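Participant: I'd like to ask you about the structure that follows.
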Amino acid sequence: MIIHSAEFVKSATAPRDYPPDGPREVAFCGRSNVGKSSALNALAGRKSLARVSRTPGRTRLINFFDLQVTKEKGRAAQEIRFADLPGYGYASGPKSETAQWQEMIEQYLTGRESLAALVVLVDGDLGAQPSDVEMVRWGESLGHRVLAVATKLDKLSRQRRSQQVDKIAGQLAVPSLIAFSSKERFGVEDLWHALLSA
Ligand code: GTP
Ligand code: MG
Numbered sequence: 143m144i145i146h147s148a149e150f151v152k153s154a155t156a157p158r159d160y161p162p163d164g165p166r167e168v169a170f171c172g173r174s175n176v177g178k179s180s181a182l183n184a185l186a187g188r189k190s191l192a193r194v195s196r197t198p199g200r201t202r203l204i205n206f207f208d209l210q211v212t213k214e215k216g217r218a219a220q221e222i223r224f225a226d227l228p229g230y231g232y233a234s235g236p237k238s239e240t241a242q243w244q245e246m247i248e249q250y251l252t253g254r255e256s257l258a259a260l261v262v263l264v265d266g267d268l269g270a271q272p273s274d275v276e277m278v279r280w281g282e283s284l285g286h287r288v289l290a291v292a293t294k295l296d297k298l299s300r301q302r303r304s305q306q307v308d309k310i311a312g313q314l315a316v317p318s319l320i321a322f323s324s325k326e327r328f329g330v331e332d333l334w335h336a337l338l339s340a
């Protein structure tokens, strides 16, 4: 994948603040701290386009990014927009924040015309949590194309990776799962391929 440009567009919580519908959009969701912003940066080939943090719950707004990419040399460039969503499952947050998250995400998932695919990232070391299964089912029930990704797989030995990928695919009940690591940058081309064919 050739990345011509990648830039932050804006942050929003409510639909009236979203950038106008435009390029097809891919939303990144998953538990807090799972590595959504890191995965987005890995795809964009940029170190800190989206803010990465050790502290869970760092991303509290929906952050939009516009990219111009080309599949391979000689092909026309295409535009794609990424939406980095705030994570779920940050247990120490107050109840009212959970409700805020729910409303923000629900409005986005149900109302966003341009939304073409949902990338659900799961911690490859920890395995799928009940909230991840819920997220996948929710996305599917709204009619979205869901791309499941197991990230942070660099934490596992090579032998354990494929075992764990099979296990997580089973837990999520999805036909395919992309094996990924932002740190070691594997799975990046696979995910790009899935995004562009979604
Ligand atoms: P929130 O926005 O807070 O929900 O987090 P996030 O899902 O955007 O996660 P973020 O990308 O900020 O990464 C969280 C932490 O995990 C950081 O310390 C990252 O360096 C680390 N991390 C992310 N991806 C990987 C990966 O593939 N492998 C390893 N080993 N660490 C990773
Ligand atoms: Mg983030």
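Position in the sequence shown (from 1) plus 142 gives the number in my numbering. Cβ coordinates follow ideal geometry from the N, Cα and C atoms, glycine included. Since the structure is predicted, the reported quantities are computational estimates derived from the model, not experimental observations.
Following a CB-centred definition, is residue 215 positioned closer than 7 Å to any heavy atom of the ligand MG?
Facilitator: Answer for residue 215: no, Cβ out of range of the ligand MG.
Participant: Have a look at residue 253 and residue 195 and give me their C-alpha separation to the nearest angstrom.
Facilitator: Each residue's alpha carbon lies about 29 Å from the other.
Participant: I'd like the span of the beta strand (DSSP E) that includes residue 154, first residue to last.
Facilitator: That run of the beta strand (DSSP E) goes 144-154.
Participant: Near residue 274, what residues of its chain come up, given a Cβ to Cβ distance below 6 Å and the 5 sequence neighbours on each side ignored?
Facilitator: Correct list, in chain order: 264.
Participant: Residue 223 and residue 256: beta carbons closer than 8 Å?
Facilitator: The answer is yes: Cβ separation under 8 Å.
Participant: Thinking C-alpha only, which one of 184, 247, 202, 163 is nearest residue 281?
Facilitator: It is 247.
Participant: Given residue 251, which residues of its chain have a CB within under 6 Å of its CB, disregarding the five upstream and five downstream residues?
Facilitator: Contacts found: 284.
Participant: Just curious, the alpha helix (DSSP H) that residue 183 is in, first and last residue?
Facilitator: First-last of the alpha helix (DSSP H) with residue 183: 178-186.
Participant: Can you tell me whether residue 152 is buried or exposed, with buried defined as 16 or more other CB within 10 angstroms of its CB?
Facilitator: The residue in question, residue 152, is exposed, as its Cβ has fewer than 16 Cβ neighbours within 10 Å.
Participant: Short check: CB of residue 267 to CB of residue 314, under 8 Å?
Facilitator: No, Cβ-Cβ distance for residue 267 and residue 314 is not below 8 Å.
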